[in-house]
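Going by our numbering, the sequence shown opens with residue 148, and the numbers climb by one from there. Worksheet for the structure shown next.
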Amino acid sequence: MSFKLKENDKVVVIAGSNKGKEGKIIKTDRANNKVIVEGVNIVKKHQKPTGMNQGGIIEQEAPINASNVMIIDPKTNKRTRIGHTTDKNGKKIRIAKKSNEKLD
C-alpha cells in the first residue's frame, strides 16, 4: 500500500473517537502506517522531572492510523481521496480527486 500523506497536509479524521476533527499532520510514520495530527488524539503523559523540564502531567498528540484520516480538498474544503498525475515537465504530482486541484 502506498503512503500518500505528507507533513503539513490538512486532514480530517473520519473514524474513531476523534471523528470530524481537523488538523495539520505534524509527523508521519510510514513503517507503521501512522500519522500524528495537530490537536487530535490528545493523551496525558506522566513525565519524570529531568534537568531540562520540571515534569508532571503533559498533554500531547498520539499517533493514529493513516487510514482514519482523509485529506481536505483545497478548493471545496471537503474530504477527498488523493490521485497522481504528471505535469508538463513530466514530474509526478498529487491531485485532489474531487476537484483535480494540485496538492502541496
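Using N, Cα and C, we set each Cβ at its ideal position, and we do this for glycine too.
*According to the neighbour-count rule (16 or more other Cβ atoms, all chains shown, within 10 Å of its Cβ), is Ala209 buried or exposed?*
By one-based count along the sequence shown, residue 209 stands at place 62. Ala209 should be labelled exposed.
*Under the rule that 16 or more other beta-carbon atoms within 10 Å means buried, what is Ile161, buried or exposed?*
By one-based count along the sequence shown, residue 161 stands at place 14. Exposed: under 16 other Cβ atoms inside 10 Å.
*asked:* If you measure between the beta carbons of Lys191 and Ile204, is that distance less than 8 Å?
replied: As a first step, residue 191 is located in the sequence shown; it is residue number 44 there, counting from the start. As a first step, residue 204 is located in the sequence shown; it is residue number 57 there, counting from the start. For Lys191 and Ile204, yes; Cβs fall inside 8 Å.
*Pro219 to Lys171 span [Cα, whole Å]*: The residue given as residue 219 occupies position 72 in the sequence shown. The residue given as residue 171 occupies position 24 in the sequence shown. Correcting the residue identity first, residue 219 is Ile in this sequence and not Pro. Straight-line Cα distance between these residues: approximately 10 Å.
_Can you tell me whether Asn215 is buried or exposed? The criterion is at least 16 other CB atoms within 10 Å of its CB, across all chains shown._
Locating residue 215 in the sequence shown gives position 68, counting from the first residue. Counting Cβ neighbours within 10 Å, Asn215 comes out buried, since at least 16 surround it.
*Looking at Gly167 and Ile211, is the spacing between their C-beta atoms short of 8 Å?*
On the sequence shown, residue 211 is found 64 positions in, with the first residue counted as 1. On the sequence shown, residue 167 is found 20 positions in, with the first residue counted as 1. In this structure, Gly167 does not lie closer than 8 Å to Ile211 by Cβ.
*Inter-residue spacing [alpha-carbon to alpha-carbon] between Phe150 and Asn180*: The count along the sequence shown starts at 1 and reaches residue 150 at position 3. The count along the sequence shown starts at 1 and reaches residue 180 at position 33. If you take the alpha carbons of Phe150 and Asn180, they lie about 8 Å apart.
*Please name the residue or residues paired with Met243 in a DSSP beta bridge.*
Taking the sequence shown and counting its residues from 1, the one referred to as residue 243 is at position 96. As written in the sequence, residue 243 is Ala, which differs from the Met given in the question. DSSP lists Ile229 as partners of Ala243.
*Grouping DSSP H, G and I as helix and E and B as strand, with all else coil, what is Asn212?*
Residue 212 sits at position 65 when you count from the first residue of the sequence shown. Here Asn212 sits in strand by DSSP.
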